[in-house]
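Before any comments, here is the structure.
Numbering (this note's numbering), first residue to last: 5 to 96.
So, in structure tokens, the structure goes:
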């Protein structure tokens, strides 16, 4: 998702209106290309997309925030975000 956004930004960074009107693939569309994503909770993928949208909005609102980037492999916290639906998520 982030690589698609980076490519689009580098292509249209001088045309703010065109950049704003871009349509990005949904998490379901990424599942067709990357088969391993079918094993992942769909709400976790939706949260990734929401977090990415939020990061871009913050970047365009305030450039001092910095451009969105990939998580560091060195200080990687093995975590993800999902939504609790009907008490079906259980901490182990």
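C-beta: ideal position from N, C-alpha, C; glycine also.
Predicted, not measured: the structure shown is a model, and the values here were computed from it.
Item checked: Nearest-angstrom Cβ-Cβ length linking residue 51 and residue 86, presumed shorter than 8 Å -> Taking C-beta atoms under 8 Å as the contact rule, residue 51 and residue 86 qualify, at a distance of about 7 Å.
Next item on the list: Measure how close the beta-carbons of residue 12 and residue 26 come, nearest whole angstrom, since I'm counting them as under 8 Å.
Entry: The beta carbons of residue 12 and residue 26 sit about 5 Å from each other, so the pair counts as a contact at 8 Å.
Notebook entry, point to check: Between 89, 49 and 71, which lies nearest to residue 83 when the distance is taken from Cα to Cα?
Noted result: Looking from the CA of residue 83, the closest CA among 89, 49 and 71 belongs to 49.
Check: Is DSSP giving residue 44 helix, strand or coil here?
Finding: coil
Notebook entry, point to check: Which stretch, first to last residue, makes up the alpha helix (DSSP H) that contains residue 33?
Noted result: 31-37
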